[in-house]
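Before any comments, here is the structure.
Numbering (this note's numbering), first residue to last: 405 to 726.
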């Protein structure tokens with residue numbers, strides 16, 4: 405069993421900035437931050453990375469999915485570059501600390517207390533079962549699809565959303581993304597990013613489901629919402645064209661439908677996301693009503709929201725078990 409604290413939408417960038425104030429007390433070895441933690445722009449970068457570094461000292465692994473606010477007052481590529489460099493820096497420090505421990509040296513300034521930082525941007529990470537309950541793990545851009553029996557494979561990406569033509573103008577005018585994210589970010593680019601992330605997810609889930617390992621469990625982390633189920637959408641926004649900027653119906657996509665086949669029933673155990681500022685925790689089942697097969701996926705969010713307007717149901721210390 406793998407225990408994970410899942411949190412999103414802290415919005416530490418909101419004035420007054422609170423990167424140095426918020427502390428997440430560890431209740432599990434793994435922390436998943438599912439986007440909108442803050443901004444990676446020049447004026448926020450040091451404080452944002454400082455927040456991550458503090459939590460790497462108390463968690464074994466910290467996962468991060470890019471939210472749209474990470475790219476505010478910057479660009480998507482610049483934000484990715486900031487976090488990839490931080491990921492590499494943490495990896496170098498961990499290696500230096502291990503080498504220094506073996507050699508009996510001083511570590512060359514490396515912080516030996518750091519856990520592993522994993523940016524999930526079309527990336528996978530596998531937690532292997534360990535008889536001593538100290539899970540071993542591995543990460544990769546694409547899976548080799550030969551994970552151990554009982555392993556938990558995490559797939560992560562931003563996801564974005566599909567904005568249909570009929571909603572494009574309202575979404576473009578109604579969301580700040582298209583005013584404060586650079587490089588001319590627009591609805592067309594947003595939709596293209598969605599198609600890319602979705603294709604990657606479908607490919608990964610199908611490949612895992614076709615592997616010879618029948619005990620693999622999949623967990624999916626995204627920022628945007630993958631369902632239009634009423635239980636996942638704030639009632640005040642249901643039916644609004646702006647919902648297309650936050651959520652998409654993936655119920656007919658292989659990353660979901662693969663879960664309903666007889667041979668792969670339940671391979672995707674959990675899909676956690678953020679972005680909606682509306683918390684939910686439910687299993688996609690038919691409630692005994694029969695009819696169309698449901699995925700059996702647990703959809704879960706734990707979003708704080710803006711400090712002055714926090715989302716009901718947020719629990720910083722809540723732990724999910726897979």
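A virtual CB, placed ideally from N, CA and C, is assigned to each residue, including glycine. Computed from a predicted structure; not experimentally measured.
With 16 or more neighbouring CB atoms inside 10 Å of its own CB, residue 558 falls in the buried class.
Secondary structure within the region 466-537: the alpha helix (DSSP H) runs of 4 or more consecutive residues, fully enclosed, are 480-507 (chain order).
Here the C-alpha atom of residue 714 lies approximately 39 Å from the C-alpha atom of residue 611. Across the set 417, 409, 630, 468, the C-alpha of 417 shows the shortest separation from the C-alpha of residue 447. Taking each of 592, 439, 477 in turn and checking the Cα distance to residue 580, the smallest one comes out for 477. Per the DSSP secondary-structure output, residue 412 pairs in a beta bridge with 707. Residue environment: residue 621 is assigned as buried (16 or more neighbouring CB atoms within 10 Å of its CB, all protein chains considered).
Taking the Cβ atoms as the reference, residue 685 lies roughly 12 Å from residue 701, outside the contact range of under 8 Å. The criterion of a C-beta distance shorter than 8 Å is satisfied by residue 465 and residue 522.
The region 704-713 and the region 441-457 do not touch, with fewer than three beta-carbon pairs separated by less than 8 Å. In this structure, the alpha-carbon of residue 717 lies about 15 Å from that of residue 677. By the beta-carbon neighbour count (other beta carbons within 10 angstroms, threshold 16), residue 673 is buried.
Between residue 597 and residue 628 a beta carbon distance of about 10 Å is seen, past the 8 Å cut, so the two are scored as non-contacting. For residue 624, the enclosing beta strand (DSSP E) covers residues 621-626. With fewer than 16 other CB atoms across the displayed protein chains lying within 10 angstroms of its CB, residue 634 is exposed. Spatial neighbours of residue 431 in its own chain (CB-CB distance under 7 Å, excluding positions within 5 residues in sequence) are listed in chain order as 409, 721, 723.
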